[in-house]
Each structure stands twice: as C-alpha cells, then as structure tokens.
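Undergrad: Quick note on this note's numbering: the sequence shown kicks off at 46 and runs consecutively.
Mind looking over this structure? Questions follow.
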Amino acid sequence: NGRWFAGTDSGMSHLVRPAIYGAYHALFNLSNPAGPLRTYDVVGNICESADHFARDREVQEIREGDVLAVLDAGAYGMSMASLYNLRALPAEVWLPADPAAPPALLRRRQTPQELAETWLSSS
C-alpha cells in the first residue's frame, strides 16, 4: 500500500518544466519496454522538494540501471537547463516520427572534465 519512487541520475536542472509548471512529459523505460506497468513517483537528484519528473505515473517496471526516456522535451530541455548543483548537462537524442528511422544523438553528455572547465574558465 506504499508508494514506489524511482530515483534518476537527472533532475530539474536538466528539465525544469515539471517543477515550475507541472508540465507533463511522457516517460518510457527503454531498458524494459515490455515490463509490467507500475505506478511511480519519478524523482530527480537535486536537493529540492519540487524535483519530480512525474507523480503517480504508470511506467514499465523500473530497475536499477535502467535507461528512461523523457519524451517531448524539445527545445525546452537544453534551453532551460542549468549546471545547478554541479550537475553536468545530459545527452540529447532526437527520436524521428518514423519508427523505422534510427534515433540521432544531437548532443553527447557533458563530461566531468568539461563541467570543471566551465567553472574554472568563468573565475
């Protein structure tokens, strides 16, 4: 009768819209696409009580290490992203409308070295 929480290695510093406006972004478990649906609160890794991607959301069963897709972030993801709490910027992947077309990596994940250089070069 309790709640299931799924913690992620992302957070509101990467996609702030759910925290600010309660914006809805579909979630899909890429690692377990055929898994049974379970209701989760999907939360981020920032030390803020508003750091939720979803509350009471049905998602394919999430296991440690699974990769989740946060869909329809579009231009709002990176244009509103920040380095808050020293969190590196995430990768961005474009999923074409045609399911036969392969996904395309638009931007790779920022490395720890690149994150450090951002802070060191601004001082």
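Built from N, CA and C at the ideal position, the CB exists for glycine as well.
Going by CA-CA distance only, name the one from N90, W49, M123 that's closest to R62.
TA: On the sequence shown, position 17 is the one that residue 62 refers to. Taking each of N90, W49, M123 in turn and checking the Cα distance to R62, the smallest one comes out for M123.
Undergrad: Considering just the uninterrupted stretch of the alpha helix (DSSP H) at G122, what are its terminal residues?
TA: In the sequence shown, residue 122 corresponds to position 77, counting from 1. Counting along the chain, the alpha helix (DSSP H) containing G122 begins and ends at 119 to 124.
Undergrad: In whole angstroms, what is the alpha-carbon distance linking A161 and S58?
TA: Your numbering for residue 161 matches position 116 in the sequence shown. Your numbering for residue 58 matches position 13 in the sequence shown. If I take the Cα positions, the gap works out to 17 Å.
Undergrad: Do V115 and Y85 have their C-beta atoms within less than 7 Å of each other?
TA: Mapped onto the sequence shown, residue 115 falls at position 70. Mapped onto the sequence shown, residue 85 falls at position 40. It is not a contact, given that the beta carbons lie outside the stated cut-off.
Undergrad: Does the beta carbon of E137 come closer than 7 Å to any beta carbon on chain D?
TA: Although the question refers to chain D, the structure presented lacks it and comprises just one protein chain.
Undergrad: What does the alpha-carbon distance come out to for the pair G80 and Q158?
TA: Residue mapping note: residue 80 aligns to position 35 of the sequence shown, counting from 1. Residue mapping note: residue 158 aligns to position 113 of the sequence shown, counting from 1. In a straight line, the C-alpha of G80 is about 36 Å away from that of Q158.
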